[in-house]
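Structure first, commentary second.
There are 2 protein chains.
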Amino acid sequence: MRDRRSGYGECPNEEGCPVEYTLDVIGGKWKGVLLYHMIEGPIRFNEFRRICPTITQRMLTLQLRELEEDGIVNREVYPQVPPKVEYSLSEFGSTLVPIILEMKTWGEKHKKLSSIAAR
Amino acid sequence: MRDRRSGYGECPNEEGCPVEYTLDVIGGKWKGVLLYHMIEGPIRFNEFRRICPTITQRMLTLQLRELEEDGIVNREVYPQVPPKVEYSLSEFGSTLVPIILEMKTWGEKHKKLSSIAAR
DNA sequence: TTCAATAGTATACAAATTGATACTAGATCA
DNA sequence: TGATCTAGTATCAATTTGTATACTATTGAA
Chain S
1 MRDRRSGYGE CPNEEGCPVE YTLDVIGGKW KGVLLYHMIE GPIRFNEFRR ICPTITQRML
61 TLQLRELEED GIVNREVYPQ VPPKVEYSLS EFGSTLVPII LEMKTWGEKH KKLSSIAAR
Chain V
1 MRDRRSGYGE CPNEEGCPVE YTLDVIGGKW KGVLLYHMIE GPIRFNEFRR ICPTITQRML
61 TLQLRELEED GIVNREVYPQ VPPKVEYSLS EFGSTLVPII LEMKTWGEKH KKLSSIAAR
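Each protein sequence line maps, in turn, to chains S and V. Numbering follows the UniProt record's numbering, in which position 85 of the first sequence is assigned residue number 85; successive positions increment by one, without gaps. Numbering follows the UniProt record's numbering, in which position 46 of the second sequence is assigned residue number 46; successive positions increment by one, without gaps.
Written out as structure tokens, the structure reads:
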């Protein structure tokens, strides 16, 4: 549902489900996690890779590009060698922080509980 | 990342990202939307279909089954013909409501703005 | 001089997720 | 008698996501 013109936007059945709209923006497989790690401040490409070692370079690139296209993250390139590129939440992206923090809170609470239950 | 034993759970790099954990539970393509429509109370299979006409029967079944497996929704079958099956948030599922409501709030606000911007 | 580091791109392929369509049973309605 | 309703299955196709590997340019360090 990436293409907003053929997906959500065209469906005229009602005025559109707000949750569906939100998921259209942050519903990518890794987007929530990436946004989470940007809350603290700008972060570099390879820092992401170290923090989430299970995401591949390709996926990281793709998800960051989509977030950039949607105006959620800013990408700043420093003309250095070796290259330095920093990703950070845009002003618009910052409006998503409450959602991400609710996810963090829930995860912290129930991750703990499920690891206890697993004993 | 459905299989918690091979996905999130096995990765021992740190104690695990809470947002990743949360997305492991509600990250399915339609789960957020389905949970949202259950907030108001129990809802039947075909009611979901009418409310979200773009979800296929198959996907609806699959996503509801996963939510059920994870203890997030209750499925109640009424022995009638034609059949009646109601889905509702479990007590555990209700702990996710704050996340869903944040998504709703955000969607309502920015859906409006983007439809204005589109003129 | 060769190696490491950075932030990627390119390519090929495998696996997982999602979608489209047709089909089912049994009661009720016309 | 045949159509309609419900809550699904079954099967196959298409899309998305993931894996693996090789490659780029430039600087600085060993």
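Note that beta-carbon positions come from the ideal geometry of N, C-alpha and C, so glycine has one too. Since this is a predicted model, take the numbers as computed values, not measurements.
For P82 (chain S), decide whether its Cβ has a neighbour in chain V, counting only Cβ atoms nearer than 7 Å.
-> no
Out of S:E102, S:G107, S:M59, state which residue places its alpha-carbon closest to the alpha-carbon of T105 (chain V).
-> Considering only alpha carbons, the answer is S:E102.
To which residues of the same chain is K112 (chain S) closer than 8 Å at the C-beta, ignoring the five residues directly before and after it?
-> Nothing listed; no residue qualifies.
What three-state label does DSSP hand V81 (chain S) in the structure shown?
-> coil
Residue-level contact to chain V via CB, Y21 (chain S), 7 Å cutoff | Closer than 7 Å to some Cβ of chain V, the Cβ of Y21 (chain S) qualifies, so yes.
Which residue spans inside the UniProt domain "HTH hxlR-type" (17-115) of chain V form an unbroken alpha helix (DSSP H) run of at least 4?
-> 18-26, 31-38, 45-51, 57-69, 91-94
Could you work out which residues of chain S lie near M38 (chain V), taking near to mean beta carbons separated by less than 9 Å?
-> Residues of chain S passing the Cβ test: none, with the nearest at roughly 11 Å.
Please go through the same chain and pick out, in chain order, the residues whose beta-carbon is closer than 7 Å to the beta-carbon of residue 202 (chain V), but skip the five residues on each side of it.
-> A question about residue 202 (chain V) goes unanswered here, because the residues of chain V that appear run from 1 up to 119.
Leaving out five residues before and five after D70 (chain S) in sequence, what residues of the same chain have Cβ atoms less than 8 Å from its Cβ?
-> V25
N13 (chain S) to Q80 (chain S), Cα distance in whole Å?
-> For N13 (chain S), the predicted structure reports a pLDDT of 34, less than 50, and the residue's modelled location is therefore unreliable. The matter cannot be settled from this model.
Through-space distance from P83 (chain V) to S94 (chain S), alpha-carbon basis = 46 Å
Thinking C-alpha only, which one of V:E108, V:L64, V:K109 is nearest S90 (chain V)?
-> V:L64
L21 (chain V): buried (16+ other C-beta within 10 angstroms of its C-beta) or exposed?
-> Inspection of the sequence shows that residue 21 (chain V) is occupied by Tyr rather than by Leu. The residue in question, Y21 (chain V), is buried, as its Cβ has 16 or more Cβ neighbours within 10 Å.
Rounded to the nearest angstrom, how far is the Cβ of Y78 (chain V) from that of I43 (chain V), given a contact under 8 Å?
-> In fact, because the Cβ distance is near 14 Å, the residues do not count as touching under 8 Å.
Classify A117 (chain S) as helix, strand or coil using the three-state DSSP reduction.
-> helix
Kindly say whether G41 (chain S), judged by its beta-carbon, lies nearer than 7 Å to any beta-carbon of chain V.
-> no
Scan the region 73-105 of chain V for residues whose Cβ lies nearer than 7 Å to a Cβ of chain S and list them as they occur along the chain.
-> T95, L96, P98, I99, I100, E102, M103, K104
Mind reading off the beta-carbon distance from L34 (chain V) to F48 (chain V)? Whole number of angstroms is fine, and I expect it under 8 Å.
-> 7 Å
Should P18 (chain S) be labelled buried (16 or more other beta-carbon atoms within 10 Å of its own) or exposed?
-> So P18 (chain S) ends up on the buried side.
For G107 (chain V), decide whether its Cβ has a neighbour in chain S, counting only Cβ atoms nearer than 7 Å.
-> yes
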